[in-house]
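See structure below.
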Amino acid sequence: MPTIRQLKRRITSVQNTAKITNALQLVAASKMRRAQDRATQGRPYAEKIQGVLASLASTGEAGEEDGKHPFLVQRPVKNIGILHITPDRGLCGALNSNLNREAASFVAEINEPVSMVAVGKKGRDFFLRSELNLAAEFTELGDYPALTQTQTVAKVIMEDYLNGRVDKVFISFGEFINTVNQQPVIKQLLPVIPPEQADGEADDALTQEYIFEPNPLLVYERLLPRYVIMQVHSAILESAASEQSARMVAMKNATDNASDIESELTLTYNKVRQEQITSDLLAIVGGAEALLE
Amino acid sequence: MPLSVEIITAEEIVQTEENLDVLIVPGSEGQLAILPRHAPLMTTLDYGELIFRRGTNETSFAIGGGFLEVHSDKVTVLADVAENADEIDAERAEEARKRAEERLQNPNTDQTSVDLARAQASLQRALLRLNVVEKRRRRTNASSSRG
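In the order they appear, the protein sequences are chains S and F.
Count along the first sequence from 1, then add 85; that gives the number in our numbering.
Count along the second sequence from 1, then add 46; that gives the number in our numbering.
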C-alpha cells in the first residue's frame, strides 16, 4: 500500500494533467469550428470551377491532341512528386502516425524516384528520417492557412511539373469525414484528371449554348491552374480541420482518463486513510483499556 | 426577369444579390454589361471594377481577376479577389502603393524574383483599390451636384 502522502501527491499531479488536457480540448474545439467553417466556405467556389471544367472537358474543344494543356498531358513517368500535408504539432492522437504510415507505404510501392514536398513539420521530420528526397517544405502555415499561403504551395508544385522535374504528382492529406473520423487520403493531382460531371442535365445546357469569351481554350487555360490551386487549398484546409478535431478528441480522451484515474486514486486514498484512523483508534482504545485495569 | 448575382472567392461567399437591373463587369476583352435575359456566357475577368444597379441604387466592388458565368439570369462571379468599394480604406491602399513602388524602384541585391513579383502584385492590388474608390467618389459627387 502506498502511503497517504504519496497518494495525495499523485492525485494532485493527475488533476494538474487533467487541467492542461481540458484546456487544450477547449482550445481545439473552438479552433475546430473555425477550421471547419473555412473548409466548407471555399466549397461553392471549388464546386463551380469543377462543374465548368467538367463541362468544358466534355465538349472536347479544349482536349485536342496538339493544343492540349500541359496539365492534361500524360507524360511517360520518370519522377513522381508527392505533396504530403500534415500538422505542425503533435498531441492529436494517431493522426500524424496514420498520415505518415499511409504515405510511407504508398512511397514503398513506387519504383520511380520520388521527390517530396512537405507541408507541416510532422511529415517533414518523418520523411527526413526516412531519407527521402525533400524538394520543398512549408511549415508554420498556422491554424487557418490563407489562400495566399496555400497558393504558394500549389505554385511550387505546378512549376516542378511544368519544368519536367516530376511527371506525376500525388497529394496526401487527412480527409475530414467527421469530428471523430479522419481518413488519410492519397489522390492524383497532376496531370489533372478532369472531374466527372456531377449532374448531367444542368451541364448539358452549359456545353451546348454557352458563349465563351475570348474562347474556350483560353478560359480553360486559366481555369486549370485555378483548379489545381483549389485542390491544394481545400486539402490543406481540410487537414487543418482534421488536426483540430483529432486533437480535440485525443484531449477529451485524456481528460476522461485522468478523471477516471483520479477517482480511483481518491478511493484508495480514502481506504488508506480510514484504515489508518481505525488502527489509531484501536491503539488509543487499547491504551485506555490497559490504564483502567 | 431581374438578375441575381453571386460573388464568390476561394475563401468565402462575398455577396449575393437579387432583383438587379444591370451588372457591369471588367471582362478580359473589355468592359461588359449584363442585362436580364442575357445569353449563357462564360468569360474570364480582368482587374477592375464590378458594378451592379438596382433602380438608382448602385454598389461597386473591386475585382482582382477571375471568371464570370451567366446562366438563365443567374450570374456567378468567381473572383480571385473581391472587395466592396465602401469597405476599401483609401489611405491604407495609398500607403501600400507607396511601399510597393519604393520596393520596385530600389530593388535590394538580396531580393529574389519572388519578392519582386510580390511587390508587383501588391502594387496592382493597391492601384485597383484606389482606382475603384476614386471612380466611386467622382460618381457620387456628380450625382449629388445634379440632384
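Ideal Cβ placement from N, Cα and C applies to all residues, glycine included.
Remember, predicted model here, so these are calculated numbers, not experimental data.
(request) Quick one: which residues of the segment 99–127 of chain S get their C-beta closer than 8 Å to a C-beta of chain F? List them in chain order. (result) So the list reads Arg123, Gln126 and Gly127, given in the order they occur along the chain.
(message) Measuring straight from C-alpha to C-alpha, what distance separates Ala131/S and Phe113/F?
(response) Here residue 131/S corresponds to residue number 46 of the first sequence, with the count starting at 1. Here residue 113/F corresponds to residue number 67 of the second sequence, with the count starting at 1. Their Cα atoms are separated by approximately 12 Å.
(message) Assuming Val202/S and Ala221/S are in contact, meaning their beta carbons sit under 8 Å apart, how far apart are those beta carbons, in whole angstroms?
(response) As a position in the first sequence, residue 202/S is number 117, starting the count at 1. As a position in the first sequence, residue 221/S is number 136, starting the count at 1. With 8 Å as the limit, Val202/S and Ala221/S qualify as a contact, their Cβ atoms being about 5 Å apart.
(request) Note the first and the last residue of the continuous beta strand (DSSP E) segment covering Ser257/S. (result) Taking the first residue of the first sequence as position 1, residue 257/S is located at position 172. Residues Lys253 to Asn263.
(message) I'd like to know if Gly73/F contacts chain S, where contact means its C-beta is closer than 8 Å to some C-beta of that chain.
(response) Position 27 of the second sequence, counting from 1, holds the residue named residue 73/F. Against chain S, the CB of Gly73/F has a partner CB under 8 Å away; the residue lies at that interface.
(message) Just list the residues that DSSP pairs Met201/S with in beta bridges.
(response) Within the first sequence, residue 201/S is the residue found at index 116, counting from 1. Met201/S pairs with Ile167/S and Leu219/S.
(message) Output needed in chain order: residues of the segment 314–331 of chain S with a Cβ under 7 Å from some Cβ in chain F.
(response) So the list reads Met315 and His318, given in the order they occur along the chain.
(message) Considering only the alpha carbon of each residue, which of Arg358/S, Leu377/S, Glu374/S and Ala375/S lies closest to Thr74/S?
(response) With chain S covering only 86 through 378, there is no way to say anything about residue 74/S.
(request) Using a Cβ cut-off of 9 Å, pull out every chain F residue sitting near Phe297/S, in sequence order please. (result) As a first step, residue 297/S must be located in the first sequence, where it is residue number 212. Chain-ordered, the chain F residues with CB closer than 9 Å to the CB of Phe297/S read Leu87, Met88 and Thr89.
(request) Determine the direct distance from the alpha carbon of Pro276/S to that of Ser348/S, and round the result to whole angstroms. (result) Taking the first residue of the first sequence as position 1, residue 348/S is located at position 263. Taking the first residue of the first sequence as position 1, residue 276/S is located at position 191. So the alpha carbons of these two residues sit roughly 57 Å apart.
(request) Report yes if the C-beta distance between Leu69/F and Leu49/F is below 8 Å; otherwise report no. (result) Here residue 69/F corresponds to residue number 23 of the second sequence, with the count starting at 1. Here residue 49/F corresponds to residue number 3 of the second sequence, with the count starting at 1. Against a cut-off of 8 Å, the Cβ pair of Leu49/F and Leu69/F comes out as a contact.
(request) Report, in whole angstroms, the separation of the C-beta atoms of Ala128/F and Val178/F, which I expect to be a contact under 8 Å. (result) For the purposes of this step, residue 128/F is taken as residue 82 along the second sequence, with counting starting at 1. For the purposes of this step, residue 178/F is taken as residue 132 along the second sequence, with counting starting at 1. The Cβ separation is near 11 Å, so there is no contact.
(request) Would you please state the rounded distance, in angstroms, between the beta carbons of Met315/S and Gln110/S? I believe it to be under 8 Å. (result) As a working note, residue 315/S is residue 230 in the first sequence. As a working note, residue 110/S is residue 25 in the first sequence. In this structure, Met315/S and Gln110/S do not form a Cβ contact; the two beta carbons are roughly 32 Å apart against a cut-off of 8 Å.
(message) Let me check understanding here. Comparing Cα to Cα, which of Leu87/F, Gly76/F and Met47/F lies closest to Glu194/F?
(response) Residue coverage of chain F in this structure runs from 47 to 193, which leaves residue 194/F outside it and unanswerable.
(request) Hey, could you find the ends of the beta strand (DSSP E) Ser106/F is sitting in? (result) The residue given as residue 106/F occupies position 60 in the second sequence. Residues Asn103 to His117.
(request) Buried or exposed for Gly205/S, please, with buried defined as at least 16 other CB atoms from any protein chain shown within 10 angstroms of its CB. (result) As a position in the first sequence, residue 205/S is number 120, starting the count at 1. Label assigned to Gly205/S: buried.
(request) Go ahead and label Ile54/F buried or exposed: buried means 16 or more other beta carbons lie within 10 angstroms of its beta carbon, across all protein chains shown. (result) As a first step, residue 54/F is located in the second sequence; it is residue number 8 there, counting from the start. Looking at its Cβ environment, which holds 16 or more other Cβ atoms inside 10 Å, Ile54/F is buried.
(request) Please check if any C-beta of chain S sits within less than 8 Å of the C-beta of Leu81/F. (result) The sequence position of residue 81/F within the second sequence is 35, counting from 1. Not one chain S Cβ lies under 8 Å of Leu81/F.
(request) Taking Glu198/S as the query, report the chain F residues whose CB atoms sit under 8 Å from its CB, ordered along the chain. (result) Against the first sequence, residue 198/S aligns to sequence position 113. A small correction: the amino acid at residue 198/S is Pro; Glu does not occupy that position in the sequence shown. Neighbours of Pro198/S on chain F: none; closest Cβ ~27 Å, over 8 Å.
(message) For a contact defined as C-beta to C-beta under 7 Å, what are the partners of Ala124/F on chain S?
(response) For the purposes of this step, residue 124/F is taken as the residue at position 78 of the second sequence. This sequence places Leu at residue 124/F; Ala is not what is there. Simply Tyr130, Lys133 and Ile134.
(message) I need the DSSP call for Gln361/S, collapsed to helix, strand or coil.
(response) For the purposes of this step, residue 361/S is identified with residue 276 of the first sequence, where counting begins at 1. Looking at Gln361/S - three-state DSSP - the assignment turns out to be helix.
(request) Can you have a look at Lys207/S and say buried or exposed, based on whether 16 or more other CB atoms are within 10 angstroms of its CB? (result) Along the first sequence, read from residue 1 onward, the residue named residue 207/S stands at position 122. Buried, since its Cβ has 16 or more Cβ neighbours within 10 Å.
(request) Please name the residue, chosen from Thr264/S, Val241/S, Val270/S and Val199/S, that lies closest to Ile256/S on a Cα-to-Cα basis. (result) By 1-based counting over the first sequence, the position of residue 256/S is 171. Per the Cα distances, Val270/S.
(request) Examine chain S for any beta-carbon lying closer than 8 Å to the beta-carbon of Glu129/F, and answer yes or no. (result) Here the question's residue 129/F lines up with position 83 in the second sequence. No - not a single Cβ of chain S is within 8 Å of the one on Glu129/F.
(message) According to DSSP, simplified to helix, strand and coil, what is Asp92/F?
(response) As a first step, residue 92/F must be located in the second sequence, where it is residue number 46. Asp92/F: strand per DSSP, three-state reduction.
(message) List, in chain order, every chain F residue whose beta-carbon is nearer than 8 Å to that of Val304/S.
(response) Reading the first sequence from its first residue, position 219 is the one you call residue 304/S. Result: Met88, Thr89, Thr90 and Phe113.
(request) Could you give the DSSP three-state label for Gly73/F: helix, strand or coil? (result) Position 27 of the second sequence holds residue 73/F. In the structure shown, the three-state DSSP call for Gly73/F is strand.
(request) Tell me, to the nearest whole angstrom, how far the beta carbon of Gly110/F is from that of Tyr93/F; I am working on the premise that it is less than 8 Å. (result) Residue numbering aside, residue 110/F sits at position 64 when the second sequence is read from its first letter. Residue numbering aside, residue 93/F sits at position 47 when the second sequence is read from its first letter. About 6 Å; that satisfies the 8 Å criterion.
(request) Mind checking the segment 220–234 of chain S against chain F and listing, in chain order, the residues whose C-beta falls within less than 9 Å of any C-beta there? (result) Taking 9 Å as the Cβ-Cβ cut-off against chain F, the residues of the segment 220–234 of chain S that qualify are Ala231 and Leu232.
(request) With a cut-off of 8 Å on the beta carbons, I'd call Ala343/S and Thr171/S a contact; round off their distance for me. (result) Sequence index remark: in the first sequence, residue 343/S carries index 258 (1-based). Sequence index remark: in the first sequence, residue 171/S carries index 86 (1-based). Wrong, their Cβ atoms sit about 27 Å apart, outside the cutoff.
(message) I'd like to confirm the pairing. Which residues does DSSP put opposite Val121/F in its beta bridges?
(response) Translated into positions along the second sequence, residue 121/F becomes position 75. For Val121/F, the beta-bridge partners assigned by DSSP are Val51/F and Val116/F.
(request) Assess, as a yes-or-no matter, whether the segment 113–123 of chain S is touched by the segment 313–329 of chain S under the definition of 3 or more beta carbon pairs within less than 8 Å. (result) Yes: the two stretches touch, three or more of their Cβ pairs being nearer than 8 Å.
(request) Identify the continuous beta strand (DSSP E) that holds Gln268/S and give its terminal residues. (result) Taking the first sequence and counting its residues from 1, one reaches residue 268/S at position 183. Gln268/S -> beta strand (DSSP E) spans Asn266 to Leu275.
(message) Within 8 Å of any Cβ in chain F, is that where the Cβ of Leu217/S sits?
(response) Sequence index remark: in the first sequence, residue 217/S carries index 132 (1-based). Output row for Leu217/S: interface = no.
(request) In the DSSP assignment, find the unbroken beta strand (DSSP E) run with Ala128/F in it and report its ends. (result) Within the second sequence, residue 128/F is the residue found at index 82, counting from 1. In this chain, the beta strand (DSSP E) harbouring Ala128/F covers Ala128 to Asn130.
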